[in-house]
Amino acid sequence: MNEDHGGGANNEPELSDSLKTFGAVLKVLREEAGLTQEEFAPRVRYSAHYIAKIEQGKRFPPGDLSERAEEPLGVVAAKVLAAAARSLTRKAGLASRFHQWAGIEEDAVSLYAYECRVIPGLLQPEPYLRAVFGTRLPPLTNEQLDAQVLARLERQQLLTEKGNTTFHFIIEQSLIERGTGGREVTRCLIDHLLERALMRNVGVQIMPTRQPAHAGLDGALYLAETPTNQWVGYLEGHDTSILLTDLKQVSSMLQRYGKMRSQALSQEASISLLEQQRGVL
Numbered sequence: 015m016n017e018d019h020g021g022g023a024n025n026e027p028e029l030s031d032s033l034k035t036f037g038a039v040l041k042v043l044r045e046e047a048g049l050t051q052e053e054f055a056p057r058v059r060y061s062a063h064y065i066a067k068i069e070q071g072k073r074f075p076p077g078d079l080s081e082r083a084e085e086p087l088g089v090v091a092a093k094v095l096a097a098a099a100r101s102l103t104r105k106a107g108l109a110s111r112f113h114q115w116a117g118i119e120e121d122a123v124s125l126y127a128y129e130c131r132v133i134p135g136l137l138q139p140e141p142y143l144r145a146v147f148g149t150r151l152p153p154l155t156n157e158q159l160d161a162q163v164l165a166r167l168e169r170q171q172l173l174t175e176k177g178n179t180t181f182h183f184i185i186e187q188s189l190i191e192r193g194t195g196g197r198e199v200t201r202c203l204i205d206h207l208l209e210r211a212l213m214r215n216v217g218v219q220i221m222p223t224r225q226p227a228h229a230g231l232d233g234a235l236y237l238a239e240t241p242t243n244q245w246v247g248y249l250e251g252h253d254t255s256i257l258l259t260d261l262k263q264v265s266s267m268l269q270r271y272g273k274m275r276s277q278a279l280s281q282e283a284s285i286s287l288l289e290q291q292r293g294v295l
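So for the sequence shown, our numbering puts the first residue at 15; every next one is plus one.
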């Protein structure tokens, strides 16, 4: 990402005029229909939070929004939305792809992540994520870094706000042993991972450094199950990203992820390893 190293996000990109215009059009049409965001969102099968982001010009609308909006807003309004969507300016493919993924992530009923580069964004405590953002090149200004941190922390609220969503993470052991940010940051990271691993809707497994059979050699991957039980994949690296919806490609990702779950340490063994690593710091 990177808009977000490690699964998720978080440069809020520049707001294009077309995105802000689309959001304003959606808001007017929704209000004209006498619907609040909370009333409109379930009728188009998205969250109120996601609809709010679209109306603020901070999220690219999903391609089928105008079609879904036909029932609650009417045929004419749906045509207006479709026309507005065609005029959207998509800045740098990364931003458009990431914002599509961000919306999918917010509405997902299951979210899976495998990381071999950096701790997934949803699991990064503030000292660690500041250390990660501090390595960015070109370097960020203090204001940019603070904005990134706030955006990432806001996104992490998904873990606590979405108790019915299943979150699962497979993390390479080497990411903890690397010591990003130093000893104190690593202590904080391990404490944070242990805390998250005890949540009922969160699974954390550590992939051992010594693992002769490893299904994740192609690199990090992210998967999300939509409310309609369709799976979407996401890949990123070096300022590029790919949103995958092709059924064959996503199936391959699911197979690899499933195999990695069997190759990684169990949740209990992972917690035990984290506690051991915490004890030697």
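Glycine included, each C-beta is placed from N, C-alpha and C at the ideal position.
How far does the alpha helix (DSSP H) with residue i in it extend, from its first residue to its last?
{"i": "Ile185", "result": "Not the alpha helix (DSSP H): Ile185 falls in the beta strand (DSSP E), residues Thr180 to Glu186."}
{"i": "Tyr64", "result": "Ala62 to Glu69"}
{"i": "Arg127", "result": "In the sequence as displayed, the identity of residue 127 is Ala instead of Arg. First-last for Ala127: Ser124 to Glu129, but that is the beta strand (DSSP E), not the alpha helix (DSSP H)."}
{"i": "Leu203", "result": "Arg197 to Ala211"}
{"i": "Leu164", "result": "Asn156 to Arg169"}
{"i": "Phe174", "result": "Per the sequence shown, residue 174 should be read as Thr rather than Phe. Unbroken alpha helix (DSSP H) run through Thr174: Leu172 to Glu175."}
Considering only residues of the same chain and omitting the five flanking positions on each side of residue i, which have a CB-CB separation below 8 angstroms?
{"i": "Asn243", "result": "Val123"}
To the nearest angstrom, report how far apart residue i and residue j are at their CA atoms.
{"i": "Ser266", "j": "Glu239", "result": "15 angstroms"}
{"i": "Tyr271", "j": "Leu154", "result": "33 angstroms"}
{"i": "Ser276", "j": "Gly48", "result": "50 angstroms"}
{"i": "His252", "j": "Met213", "result": "32 angstroms"}
{"i": "Leu231", "j": "Ala91", "result": "47 angstroms"}
{"i": "Ser255", "j": "Ala38", "result": "28 angstroms"}
{"i": "Val216", "j": "Tyr248", "result": "20 angstroms"}
{"i": "Arg59", "j": "Ala165", "result": "24 angstroms"}
{"i": "Gln269", "j": "Arg131", "result": "21 angstroms"}
{"i": "Leu235", "j": "Pro241", "result": "20 angstroms"}
{"i": "Leu295", "j": "Phe183", "result": "23 angstroms"}
{"i": "Leu207", "j": "Ala62", "result": "29 angstroms"}
{"i": "Ala99", "j": "Glu84", "result": "14 angstroms"}
{"i": "Leu43", "j": "Leu87", "result": "7 angstroms"}
{"i": "Pro134", "j": "Ala97", "result": "37 angstroms"}
{"i": "Trp115", "j": "Gly293", "result": "37 angstroms"}
{"i": "Gln70", "j": "Leu79", "result": "16 angstroms"}
{"i": "Leu33", "j": "Leu257", "result": "20 angstroms"}
{"i": "Asp205", "j": "Asp31", "result": "43 angstroms"}
{"i": "Ile220", "j": "Thr179", "result": "21 angstroms"}
{"i": "Thr50", "j": "Glu129", "result": "38 angstroms"}
{"i": "Arg224", "j": "Ser280", "result": "15 angstroms"}
{"i": "Thr259", "j": "Ile118", "result": "12 angstroms"}
Please state whether DSSP places residue i in a helix, a strand or coil.
{"i": "Val146", "result": "helix"}
{"i": "Leu249", "result": "strand"}
{"i": "Phe133", "result": "Residue identity check: residue 133 is Ile in the sequence provided, not Phe. Coil at Ile133, not helix or strand."}
{"i": "Ala38", "result": "helix"}
{"i": "Ser280", "result": "coil"}
{"i": "Leu295", "result": "coil"}
{"i": "Ala238", "result": "strand"}
{"i": "Ser32", "result": "helix"}
Tell me which residues share the same chain as residue i and place their Cβ nearer than 6 angstroms to its Cβ, disregarding the 5 neighbours each side in the sequence.
{"i": "Leu125", "result": "Phe181 and Ala238"}
{"i": "Ile285", "result": "Ala211"}
{"i": "Arg57", "result": "Pro86"}
Where does the unbroken beta strand (DSSP E) through residue i begin, and where does it stop?
{"i": "Ala97", "result": "From DSSP, Ala97 is part of no beta strand (DSSP E) but of the alpha helix (DSSP H) over Val89 to Arg100."}
{"i": "Gly217", "result": "Val216 to Met221"}
{"i": "Ala55", "result": "Note, Ala55: premise wrong, no beta strand (DSSP E); alpha helix (DSSP H) at Gln51 to Arg57."}
{"i": "Thr259", "result": "Counting along the chain, Thr259 falls outside any beta strand (DSSP E), and DSSP gives it neither H nor E."}
Would you grab the beta carbon distance between residue i and residue j for me? Rounded to a whole angstrom, and I think it's under 8 angstroms.
{"i": "Val199", "j": "Ala145", "result": "5 angstroms"}
{"i": "Val218", "j": "Ile185", "result": "7 angstroms"}
{"i": "Cys202", "j": "Pro139", "result": "5 angstroms"}
{"i": "Gln170", "j": "Leu136", "result": "6 angstroms"}
{"i": "Phe36", "j": "Pro76", "result": "Actually they do not touch by this definition, with Cβ atoms about 12 angstroms apart."}
Taking 9 angstroms as the CB-CB cut-off, is residue i touching chain B?
{"i": "Arg166", "result": "Reference to chain B is not applicable here, since this structure consists of a single protein chain."}
Spatial neighbours of residue i within its chain, please: C-beta separation below 7 angstroms, excluding the five flanking residues on both sides.
{"i": "Ala227", "result": "Gln277"}
{"i": "Gly195", "result": "Pro141, Tyr142 and Ala145"}
{"i": "Gln263", "result": "Gly247"}
{"i": "Gly193", "result": "Thr200"}
{"i": "Ile65", "result": "Gln51, Phe54 and Ala55"}
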